[in-house]
Amino acid sequence: MKITDGVDVLEIIANRSGQAMLLNPTLIWDNTIAILADTGFPGQYPDIRAAMDKAGVPLSRLSKIILTHQDIDHIGGVQEILNGSDHKIEVLAHLGDKPYIEGDLPLLKMKNIEQRLANLPEEQRKQAAAMFGAPPKNKLDRTLADGEKLPYCGGITVIFTPGHTPGHICLYLERSKTLVAGDAMVVAEGQLLGPRPNATPDMETAIKSLNKLTQYDIETVICYHGGVYREHANQRIKALAQGAA
Ligand SMILES: [Zn+2]
Numbered sequence: 562m563k564i565t566d567g568v569d570v571l572e573i574i575a576n577r578s579g580q581a582m583l584l585n586p587t588l589i590w591d592n593t594i595a596i597l598a599d600t601g602f603p604g605q606y607p608d609i610r611a612a613m614d615k616a617g618v619p620l621s622r623l624s625k626i627i628l629t630h631q632d633i634d635h636i637g638g639v640q641e642i643l644n645g646s647d648h649k650i651e652v653l654a655h656l657g658d659k660p661y662i663e664g665d666l667p668l669l670k671m672k673n674i675e676q677r678l679a680n681l682p683e684e685q686r687k688q689a690a691a692m693f694g695a696p697p698k699n700k701l702d703r704t705l706a707d708g709e710k711l712p713y714c715g716g717i718t719v720i721f722t723p724g725h726t727p728g729h730i731c732l733y734l735e736r737s738k739t740l741v742a743g744d745a746m747v748v749a750e751g752q753l754l755g756p757r758p759n760a761t762p763d764m765e766t767a768i769k770s771l772n773k774l775t776q777y778d779i780e781t782v783i784c785y786h787g788g789v790y791r792e793h794a795n796q797r798i799k800a801l802a803q804g805a806a
């Protein structure tokens with residue numbers, strides 16, 4: 562889905578424990594550079610490639626991957642994308658999630674995975690184990706800092722928004738006033754909501770992070786789960802930061 566010239570929301574479907582789940586990586590590009598924000602689960606490389614082709618920006622043009630955070634549905638495609646590319650693609654993320662993304666610490670949300678998998682039927686358990694099996698070993702080329710302005714595609718501001726994970730970031734695309742929200746917020750049934758409590762270990766910090774977003778003039782929000790939200794985004798984010806449901 563095209564947001565504006567140079568910003569496309571990709572739509573890739575993951576099959577998770579027998580349930581279809583739509584994921585929304587964002588593709589940010591201009592004549593010189595193409596950046597992919599988040600990469601799907603492991604095994605979704607063909608879908609990412611196809612979605613990029615559909616957007617008119619083939620993998621051969623991709624120069625950077627920015628990870629909003631460490632969760633497996635966001636970092637899962639990195640290795641396959643790097644392996645599938647004939648040129649160097651840089652991988653960037655915040656320092657707070659670096660040790661998890663690089664495999665020095667187990668992914669935060671994987672801690673109880675063994676127990677959770679044990680309750681699934683055999684076939685699903687195998688599928689999930691394959692998906693979550695090996696810890697990631699994604700070397701970051703560099704880390705991103707809060708408030709850092711990346712001089713690409715009209716300017717991309719990195720906003721450190723911890724809570725969902727310790728190193729979660731959002732990206733503010735200055736030219737189109739678009740917020741790539743990662744999992745700092747979700748869209749459900751057309752409404753913009755705060756982060757999912759069951760997947761957000763530090764809700765208090767996550768709500769404080771929403772407050773930070775109110776400093777930006779946001780017209781369009783892209784949530785990795787739920788997609789695009791455009792209705793009075795500034796007002797809605799302010800309400801969420803003040804604890805609205
Ligand atoms: Zn997610």
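Residue 562 is where the sequence shown starts when you use the working numbering, and the numbers rise one by one after that.
C-beta: ideal position from N, C-alpha, C; glycine also.
Just so it is clear, the structure is predicted and the values come from calculations on it, not from any experiment.
Exercise. So who's on the other strand from residue 627, going by DSSP bridges?
Worked result: Within the sequence shown, numbered from 1, the residue matching residue 627 stands at position 66. 598, 653, per the DSSP bridge assignment.
Exercise. If you measure from the CB of residue 785, is any heavy atom of ligand 1 nearer than 8 Å?
Worked result: Here residue 785 corresponds to residue number 224 of the sequence shown, with the count starting at 1. The beta carbon of residue 785 sits closer than 8 Å to at least one heavy atom of ligand 1.
For this session: Using three-state DSSP, classify residue 796 as helix, strand or coil.
Result: Looking up residue 796 in the sequence shown gives position 235. Helix, per DSSP.
For this session: May I ask you to list the residues that DSSP assigns as paired with residue 563?
Result: As a first step, residue 563 must be located in the sequence shown, where it is residue number 2. Answer is 569, bridged to residue 563.
Problem set entry | Pairwise C-alpha distance: residue 785 and residue 755 | Taking the sequence shown and counting its residues from 1, one reaches residue 755 at position 194. Taking the sequence shown and counting its residues from 1, one reaches residue 785 at position 224. Separation of residue 755 and residue 785 (C-alpha to C-alpha, rounded to the nearest whole angstrom) is 13 Å.
Exercise. Cα separation between residue 764 and residue 725?
Worked result: Stepping through the sequence shown from its first residue, residue 764 is reached at position 203. Stepping through the sequence shown from its first residue, residue 725 is reached at position 164. Rounded to whole angstroms, residue 764 to residue 725 spans 7 Å at the Cα level.
Problem set entry | With 16 other Cβ atoms within 10 Å as the buried cut-off, status of residue 592 | Taking the first residue of the sequence shown as position 1, residue 592 is located at position 31. Looking at its Cβ environment, which holds fewer than 16 other Cβ atoms inside 10 Å, residue 592 is exposed.
For this session: Have a look at residue 639 and residue 741 and give me their C-alpha separation to the nearest angstrom.
Result: Residue 639 sits at position 78 when you count from the first residue of the sequence shown. Residue 741 sits at position 180 when you count from the first residue of the sequence shown. The straight-line gap from Cα to Cα measures roughly 18 Å.
Problem set entry | Residue from 605, 788, 720 whose Cα sits closest to the Cα of residue 751 | Looking up residue 751 in the sequence shown gives position 190. Looking at 605, 788, 720, the one whose alpha-carbon comes closest to that of residue 751 is 788.
Exercise. In terms of DSSP beta bridges, what is residue 776 paired with?
Worked result: Translated into positions along the sequence shown, residue 776 becomes position 215. As far as DSSP is concerned, residue 776 takes part in no beta bridge.
For this session: Could you tell me which uninterrupted alpha helix (DSSP H) segments, each at least 4 residues in length, are contained entirely in the segment 702 to 777, listed from first to last along the chain?
Result: With a minimum length of 4 residues, the continuous alpha helix (DSSP H) runs that stay inside the segment 702 to 777 are 764 to 774.
For this session: Could you tell me the boundaries of the alpha helix (DSSP H) in which residue 643 lies?
Result: Along the sequence shown, read from residue 1 onward, the residue named residue 643 stands at position 82. Unbroken alpha helix (DSSP H) run through residue 643: 639 to 645.
Exercise. Is residue 635 near ligand 1, judged by its Cβ being under 8 Å from some heavy atom?
Worked result: As a working note, residue 635 is residue 74 in the sequence shown. Yes; taking the cut-off as 8 Å, the Cβ of residue 635 has a heavy atom of ligand 1 nearer than that.
Exercise. What residue does the beta strand (DSSP E) around residue 790 start on, and which one ends it?
Worked result: For the purposes of this step, residue 790 is taken as residue 229 along the sequence shown, with counting starting at 1. Bounds of the beta strand (DSSP E) holding residue 790 are 788 to 790.
For this session: Return yes when the C-beta of residue 767 is under 8 Å from any heavy atom of ligand 1, and no when it is not.
Result: As a working mapping, residue 767 is identified with position 206 in the sequence shown. Relative to the non-hydrogen atoms of ligand 1, the Cβ of residue 767 never comes closer than 8 Å to any of them.
Exercise. With which residues is residue 622 paired in a DSSP beta bridge?
Worked result: The count along the sequence shown starts at 1 and reaches residue 622 at position 61. None, per the DSSP bridge assignment.
Exercise. Ligand 1 heavy atoms versus the CB of residue 744: any closer than 8 Å?
Worked result: For the purposes of this step, residue 744 is identified with residue 183 of the sequence shown, where counting begins at 1. Answer for residue 744: yes, Cβ within range of ligand 1.
Problem set entry | Cβ shell of residue 562 (< 6 Å), same chain only, five flanking positions each side left out | Taking the first residue of the sequence shown as 1, we reach residue 562 at position 1. Once the five neighbours on either side are set aside, the close Cβ partners of residue 562 are 570.
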